[in-house]
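So the structure is just underneath, and the comments pick up after that.
Residue numbers (my numbering): 243 to 699.
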């Protein structure tokens, strides 16, 4: 999304996070009054008694308590404006795991090329094309969501047989309010049918003591998202537009100010992005809240009845986010361990449930790097990172060659048929001639016969 003026700029493309015109979210009026009560400077004109709303003190380290402790900081904003401070205050912990760089093919010097190099199969062509499309610079080309879905459905067709969504917009629930289109990604996959191995072990696998209800079926609910990090960086660098000065002159002071605002959104470590924490939260909430209906406002009440909203039957779960780094040609797979108590913090922002050790629950995010090249072994490397709870049991030491022997035999048989037909046509073209041509051939044969006889003698 290139930064342009309001009068002549083209509309932003959907797959590059067109969110530069959305203002920061405001705390609801009734909550703001309870947290930050206003005092009147001048005495009231009449001395009638007025009902004063009781001041509710939030629990220590609850989300409202965090907002109260930082009154001059813009914390209650939409996720695309989250910074490293949100990561720290919400207790997100990024843990890097060892690289999944095996298996790799053995390249012996002097050995002949593999069959996939000489005669690439359709699967190898699909993988090569999809990977090449993914690594294109987003500043020149839009994110190709179709290439991402083709890649994953080719590598692990059973695990990614569920419904996929392009440019999904996930709502975020906070107390009794829902904020539409809060978290966005480029591609999102849902859990497949209930007979898939990923259904039985990806939910309720976080060791915090919360068991998985037998009635919860995550089929058709979020399982993994793909985010293009280059597109995310490009969006942040061009998120704030600069209105030109009088006579369409350049407004340098405003431009420098907007550049400083954009720079403040960049994470200190690009691998520890607060955007991933927001997407994990929105994906997990989608498992327990019904999607909001259509409405004009971006934030509305999802619970309008009297009393506090009912608590969903939260439980622990693991979700994934896939991205890649173009410079190193690596996939980066993030695994978010979203606990039930972490979800409770957003369901009731006045409360701060504690873990067994007495600490406020945060969000543990593990990530690992997977080399993209070579294609041989990519399926097994990525499968080890995803885990058997997603892809099912497999042997990571046996590499998929993406070569179909039956298809090769069929192609070889078709090639023989084509060569046979061509030879018949080729030979027939010599035999079919005029009478004059046949006469010349007979004369030449008669002339060659004495010479052959002489050689024999």
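Here a beta-carbon is modelled for each residue, glycine too, at the ideal position from N, C-alpha and C. Keep in mind the model is a prediction, meaning the values are calculated, not measured.
query                                                                                                                                      : result
Could you give the distance in angstroms between the alpha-carbon of residue 611 and the alpha-carbon of residue 299?                      : 44 Å
When the Cα atoms are used, what is the spatial distance from residue 580 to residue 523?                                                  : 7 Å
Just curious, the alpha helix (DSSP H) that residue 572 is in, first and last residue?                                                     : It is not in any alpha helix (DSSP H) - residue 572 instead sits in the beta strand (DSSP E) that spans 572-580.
Do you know whose CA, among 531, 598, 516, lies nearest residue 335's CA?                                                                  : 516
Would you report the Cα separation of residue 400 and residue 435, rounded to the nearest angstrom?                                        : 10 Å
Would residue 526 be called buried (16 or more neighbouring beta carbons within 10 Å of its own) or exposed?                               : buried
Mapping the DSSP letters down to three states, classify residue 406 as helix, strand or coil.                                              : strand
In terms of alpha-carbon separation, which member of 488, 405, 627 lies closest to residue 433?                                            : 405
Should the region 541-554 be called in touch with the region 612-621, which here means at least 3 C-beta pairs below 8 Å?                  : no
Going straight from the alpha carbon of residue 187 to that of residue 607, what length do you get?                                        : The structure shown does not extend to residue 187, since the chain spans only 243 to 699, so no value can be given for it.
Along the chain, where does the alpha helix (DSSP H) containing residue 617 start, and where does it finish?                               : No alpha helix (DSSP H) holds residue 617; DSSP gives it neither H nor E.
Below 7 Å CB to CB, which residues in the same chain sit around residue 402 once its five sequence neighbours on both sides are set aside? : 394, 395, 431
Under 8 Å, with one C-beta from each stretch per pair, do the region 568-579 and the region 595-607 reach the 3-pair mark?                 : yes
Taking 6 Å as the cut-off, is the beta-carbon of residue 499 closer than that to any non-hydrogen atom of the ligand ATP?                  : Ligands displayed in this structure: none; no statement on the ligand ATP is therefore possible.
Determine the direct distance from the alpha carbon of residue 492 to that of residue 584, and round the result to whole angstroms.        : 47 Å
Which one or two residues does DSSP pair with residue 607 in a beta bridge?                                                                : 336, 578
Residue 469 by DSSP, collapsed to three states: which one?                                                                                 : coil
Work out the CA separation of residue 499 and residue 453 for me, nearest whole Å.                                                         : Low confidence applies to residue 453: its pLDDT is 42, below 50, so where it sits in the model is not reliable, and the reading given next is rough at best. Distance between the alpha carbons of residue 453 and residue 499 is about 50 Å.
Quick one: complete alpha helix (DSSP H) runs, 4+ long, within the region 315-381?                                                         : 326-331, 357-360, 364-376
Taking its Cβ as the centre, do 16 or more other Cβ atoms sit within 10 Å of residue 640, making it buried, or is it exposed?              : exposed
Report yes if the CB atom of residue 534 is closer than 7 Å to the CB atom of residue 544, and no otherwise.                               : yes
Rounded to whole angstroms, what is the Cα-Cα separation between residue 638 and residue 561?                                              : 22 Å
Is it buried or exposed, residue 360, if we count other Cβ atoms within 10 angstroms and call 16 or more buried?                           : exposed
Would you kindly report the start and end of the unbroken beta strand (DSSP E) that includes residue 423?                                  : 419-426
Since residue 631 is in the alpha helix (DSSP H), which residue starts that stretch and which ends it?                                     : 630-633
Less than 7 Å separating the beta-carbons of residue 326 and residue 506?                                                                  : no
Check residue 302 in the structure and name its three-state DSSP category.                                                                 : coil
For the alpha helix (DSSP H) containing residue 560, name the first residue and the last one.                                              : Note, residue 560: premise wrong, no alpha helix (DSSP H); beta strand (DSSP E) at 559-567.
Could you tell me which whole alpha helix (DSSP H) segments of length 4 or greater appear in the region 463-542?                           : 471-479, 494-507, 516-527
Is DSSP giving residue 671 helix, strand or coil here?                                                                                     : Because the pLDDT at residue 671 is just 42, under 50, the model does not fix this residue reliably, and the point stays unresolved.
Determine the burial state of residue 337: buried for a count of at least 16 other Cβ atoms within 10 Å of its Cβ, exposed for fewer.      : exposed
Below 7 Å between beta carbons: does that hold for residue 380 and residue 473?                                                            : yes
How many Å lie between residue 427 and residue 587 at the Cα?                                                                              : 24 Å
Per DSSP, residue 411 is paired with what?                                                                                                 : 426
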